[in-house]
Amino acid sequence: MASSSQKPAEIEAFLTQAIDLALASLRATGARPFGAVLVKDGEVIATGVNEILATNDPTAHAELTVIRAAARKLGSPRLEGCVIYASGHPCPMCLAAMHMTGIDAVYYAYDNEVGKAFGLSTAAIYDEMRKPFDQQKLKITCVPIRPGGADLYELWHRQAPG
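Following this note's numbering, the residues of the sequence shown are numbered contiguously, the last one being 163.
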């Protein structure tokens, strides 16, 4: 796993790069102060900043923009062997994407406790998502319909390669 081979100086250098990206974006556009660097085998594959205001895309967090750019560059939705260095504590959405893509490790510089004083903590979202579905503020309901009797997952399974 890549995370075990990370040297403190290397971690600090990539985190500094993520913070520098966030700072440059903040100064240039007023964006929320988040930057991310995705590294594989010691090489920077992609960088990203928070682009929510620029794109009106609420999912355009720095970590997701860097994951999207790296996946395109590497030609794969799987990112095993990659490490993300982020200026801030990854939100649940970004952390889930890291799990789903196979990212090996994430390092971040500012945690939720520090971000809380500035309205930049996602701790409340983590807390909400720990609750059972029926106790969350968001109404979450499974309605298991199968139009025309077709089973979408079964059809995919029969057509999926391998």
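Note that the Cβ used here is the ideal one computed from N, Cα and C, for glycine as well. It should be emphasised that the depicted structure is a prediction, and the values quoted were computed from it without experimental measurement.
Worksheet item: Is DSSP giving Lys74 helix, strand or coil here?
Response: Sequence index remark: in the sequence shown, residue 74 carries index 73 (1-based). Reduced to three states, the DSSP call for Lys74 is helix.
Worksheet item: Is the beta carbon of Pro9 less than 8 Å from the beta carbon of Ala23?
Response: Numbered from its first residue, the sequence shown carries residue 9 at position 8. Numbered from its first residue, the sequence shown carries residue 23 at position 22. Cβ atoms of Pro9 and Ala23: not closer than 8 Å.
Practice prompt. Grab me the residues of Ala19's own chain with a C-beta within less than 6 Å of its C-beta, minus the 5 sequence neighbours each way, in chain order.
Written response: As a working mapping, residue 19 is identified with position 18 in the sequence shown. Only Gly36, Ala37, Val38, Tyr86, Ala87, Ser88 meet the Cβ criterion.
Worksheet item: What residues match up with Gly31 in a beta bridge as DSSP calls it?
Response: Indexing the sequence shown from 1 puts residue 31 at position 30. Bridge partners of Gly31: none, in fact.
Item to complete: Give, in chain order, every unbroken run of the alpha helix (DSSP H) that is at least 4 residues long and sits entirely within the segment 7-63.
Response: 9-30, 53-56
Discussion item. Can you tell me whether Cys143 is buried or exposed? The criterion is at least 16 other CB atoms within 10 Å of its CB, across all chains shown.
Written reply: Taking the first residue of the sequence shown as position 1, residue 143 is located at position 142. Cys143 comes out exposed.
Worksheet item: Grouping DSSP H, G and I as helix and E and B as strand, with all else coil, what is Ala118?
Response: Locating residue 118 in the sequence shown gives position 117, where the first residue counts as 1. Three-state result, Ala118: coil.
Worksheet entry | CB-CB length for Glu64 against Asp58, believed under 8 Å | For the purposes of this step, residue 64 is taken as the residue at position 63 of the sequence shown. For the purposes of this step, residue 58 is taken as the residue at position 57 of the sequence shown. In fact, because the Cβ distance is near 14 Å, the residues do not count as touching under 8 Å.
Worksheet item: Which of helix, strand or coil does DSSP assign to Gly89?
Response: Start at 1 with the first residue of the sequence shown, and residue 89 comes out as number 88. Strand.
Fill in: Alpha-carbon spacing of Cys95 relative to Thr60, whole angstroms
Stepping through the sequence shown from its first residue, residue 95 is reached at position 94. Stepping through the sequence shown from its first residue, residue 60 is reached at position 59. Approximately 9 Å, taken between the alpha carbons.
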